[in-house]
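Going by our numbering, the residue at position 498 of the sequence shown is 498; the numbering climbs one at a time, nothing skipped. Using N, Cα and C, we set each Cβ at its ideal position, and we do this for glycine too. Remember, predicted model here, so these are calculated numbers, not experimental data. Here the structure is laid out as structure tokens; the discussion comes afterwards.
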Amino acid sequence: MTTLKMPKVDNNTLKDKNKIVKDLGEFTDKKNILFEIEELKPYETDGLTAYKQTPLVVVLPENKKEVSQILSYCNKNNLKIVPRGAGTGLSGGSLPLADCVLLSLGKFNKILEVDYKNRCVVAQPCVTNLSITEAVQENNFYYAPDPSSQLACSIGGNVAENSGGVHSLKYGATTNNLLGIEVVLMDGTIVKFGGKTFDSEGYDFLGLMTGSEGLLGVITEVTVKILKSPENVKAALVGFPTIEDAGNCVSQIIADGIIPAGMEIMDKALTKATNDFSKAGYPVDAEAMMIVELDGTELEVNELIKKVELIAKKNNCSSIKISKTKEERLKFWAGRKAAFPACGVLAPDYMCMDGSIPRSKLAEVLKEITKLSKKYNLPVANAFHAGDGNLHPLIMFDANDEESLRKTEEFGAEILKYCVKVGGALTGEHGVGIEKRELMCEAFNNNDIQQQLNIKIALDPSSLLNPGKVYPILRKCAEEGRVHVHGGKTKFPDIPRF
Ligand SMILES: Cc1cc2nc3c(=O)[nH]c(=O)nc-3n(C[C@H](O)[C@H](O)[C@H](O)COP(=O)(O)OP(=O)(O)OC[C@H]3O[C@@H](n4cnc5c(N)ncnc54)[C@H](O)[C@@H]3O)c2cc1C
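Here you go:
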């Protein structure tokens with residue numbers, strides 16, 4: 001992970017820039033093609049800001065026919081293409097390549113249909129996650145997966161990353177709330193998977209495309225489920241003297257058969273930073289803080305809150321505050337949702353890791369992270385989607401210091417390896433992108449990876465769609481008909497940082 005290798009830059013493509021710009025003008029209005037350096041700059045990174053690369057050209061198609069023509073053109077002319085939604089991804093999935101056409105879905109920003117009878121919304125991919133809830137909330141409906149970035153991130157990006165949020169514990173991640181998609185494949189073919197029904201015949205291509213990180217196709221339309229808003233919602237803010245107590249409390253709540261709408265833990269460092277930032281009224285002296293949200297009928301919620309209080313007390317909690325009003329509950333969450341930006345006061349930069357672990361391993365993994373923090377001499381703050389076992393250690397560093405970035409990457413890699421070691425996974429929701437690409441071999445053996453790559457080859461034989469992401473691929477598969485897992489022998493130029 002320390003030296004990031006990317007697919008070899010094709011110098012002929014760089015030389016052909018003017019021709020490519022002219023050719024793209026055949027498929028979409030010229031105003032939708034950006035090629036001057038100052039126009040390209042805003043697209044050179046995503047939420048993983050440690051890496052930057054200016055693309056060759058950016059194209060913003062206006063409809064699926066244009067997307068299809070552009071992909072077909074790139075396919076015929078051996079041009080790499082990187083799809084991009086809102087660019088909030090934290091694993092570098094939409095990081096451009098120097099010789100790529102960056103395909104921004106920015107103009108696909110309309111809600112196409114609100115269908116209450118079938119309880120779904122049909123939207124273009126660059127509609128923001130929050131806009132879907134906003135479109136239906138006056139009728140007491142909402143879209144359940146709620147990433148903290150929901151104000152900005154796109155629903156197409158959510159599908160590509162299988163994004164989750166604090167409410168995924170009870171209502172599932174994107175994959176559990178997705179009914180259908182329209183996708184343009186690399187050769188320009190437009191296909192639909194799923195629709196408005198809960199299941200469809202044939203292979204589960206909808207499942208395959210969800211979380212495919214822009215490697216298998218470009219999503220041009222999304223149909224998602226909407227849910228009726230619960231009658232009653234309450235949240236509890238609970239402080240604990242140790243992380244172990246908080247972890248045990250989470251496990252006990254689940255073991256007792258309670259599935260809260262959300263259940264989050266933050267460690268002391270992050271609780272303090274977020275409280276200073278958002279004045280959420282958090283117990284700043286506690287070693288760990290938990291927010292638990294219960295929803296349902298009034299009777300049900302009151303009953304569940306009592307049970308949670310009892311379990312928290314049995315696990316030595318030092319404080320409990322129950323929300324009395326909707327405003328108070330939203331204030332509890334506002335702090336958690338602003339946890340990442342709040343880290344801005346702790347260090348010039350932070351890198352947000354995203355591992356998944358069995359809930360019972362929380363205390364063990366956090367102890368290991370503290371040990372590693374000392375080893376690398378880099379502070380860390382931890383947020384945890386505790387119910388789902390999804391851990392977000394935020395490593396504080398200085399991106400202007402090359403050595404600090406190198407140490408951060410090594411530290412992050414060690415955390416993720418440890419997550420795999422205790423039976424977890426490299427990612428809970430942020431995807432693999434470039435960030436965890438070289439770690440895929442920790443989680444999968446060569447056969448596993450090869451089988452996954454065979455699917456990629458079937459849909460994109462020349463590996464032109466978002467190459468260099470997710471899999472440690474280092475050469476075009478078309479040349480040999482197979483994709484080879486990186487053996488460390490082939491050298492490609494490093495992608496420039498900053
Ligand atoms: C402050 C902050 C908080 C966050 N909190 C959460 C959180 O709580 N939960 C969570 O899951 N994530 C979170 N994220 C990560 C990020 O917001 C999600 O991964 C989100 O789904 C990315 O959407 P995007 O539109 O920004 O996609 P981008 O960053 O533009 O792209 C992400 C990936 O999807 C691909 N892609 C995008 N659009 C398409 C498309 N239409 N067709 C095919 N491929 C496409 C890209 O090629 C890339 O590989 C957070 C990020 C930030 C900055």
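Shown here for residue 414: same chain residues with a beta carbon closer than 8 Å to its own, the five before and five after excluded, namely 372 in chain order. Counting along the chain, residue 164 sits inside no beta strand (DSSP E), nor does DSSP assign it H or E at all. Looking at the backbone, the Cα of residue 157 and that of residue 106 are separated by about 11 Å. Residue 20 is a Cβ neighbour of residue 79, given a cutoff of 8 Å.
For the pair residue 164 and residue 211, the Cα-to-Cα distance works out to about 11 Å. Rounded to the nearest whole angstrom, the CA to CA distance from residue 254 to residue 387 is 8 Å.
Residue burial is scored here from C-beta neighbours: residue 42 has fewer than 16 other C-beta atoms within 10 angstroms and is therefore classed as exposed.
Taken from the Cβ of residue 469, at least one heavy atom of ligand 1 lies inside 7 Å. Between the beta-carbon of residue 353 and that of residue 412 there is about 5 Å, and that keeps the pair under the 8 Å contact cut.
Within the DSSP secondary-structure output, residue 182 pairs in a beta bridge with 192 and 221.
Listed in chain order, the non-local C-beta contacts of residue 221 below 6 Å within the same chain comprise 182, local neighbours out to five positions each way being set aside. Residue side-chain check: residue 167 keeps its Cβ at 7 Å or more from all non-hydrogen atoms of ligand 1. Three or more Cβ pairs closer than 8 Å define a contact, and the region 66–85 falls short of that threshold against the region 109–119. Residues 91, 213, 426, 440 and 470 of the same chain have their beta carbon placed closer than 7 Å to that of residue 432, with the five preceding and five following residues left out of the count. The region 260–268 makes no contact with the region 341–348: fewer than 3 CB pairs, one atom from each, lie closer than 8 Å. Leaving aside the five residues that flank residue 187 on each side, the residues in its chain whose CB is nearer than 8 Å to its CB run, in chain order, 71, 72 and 75. At a cut-off of 7 Å, the beta-carbon of residue 379 does not count as near ligand 1: no heavy atom of the ligand is closer than that. Note on geometry: alpha-carbon atoms of residue 150 and residue 401 lie some 31 Å from one another. By the CB criterion at 8 Å, residue 419 and residue 462 fall outside the cutoff. Here residue 436 is buried: its Cβ has 16 or more other Cβ atoms, across all protein chains shown, within 10 Å.
When the beta-carbon positions are compared, residue 54 and residue 81 stay at least 8 Å from each other.
Listed as beta-bridge partners of residue 154 by DSSP are 128. Taking C-alpha positions only, residue 327 is separated from residue 334 by approximately 10 Å. If only uninterrupted beta strand (DSSP E) runs of at least 3 residues are considered, those enclosed by the region 288–317 are 288–296. Residue burial annotation: residue 5 is buried, with at least 16 other C-beta atoms found within 10 angstroms of its C-beta. Bridge partners of residue 142 according to DSSP: 227. By DSSP's assignment, residue 7 forms no beta bridge with any residue. Considering only 148, 118 and 154, the residue with the shortest C-alpha distance to residue 132 is 154. Short note on residue 84: C-beta closer than 7 Å to some heavy atom of ligand 1. Following the DSSP letters along the chain, one finds residue 394 inside the beta strand (DSSP E) bounded by residues 390–397.
For residue 328, the enclosing alpha helix (DSSP H) stretches over residues 326–337. In this structure, ligand 1 has a non-hydrogen atom nearer than 7 Å to the beta-carbon of residue 160. Each residue's CA atom was taken as its position, placing residue 243 and residue 363 some 6 Å apart. When the Cα atoms are used, residue 130 and residue 93 turn out to be separated by approximately 21 Å. Taking residue 454 as reference, the option from 215, 224, 89 and 198 with the minimal CA-CA separation is 215. The alpha-carbon separation between residue 145 and residue 314 amounts to approximately 31 Å.
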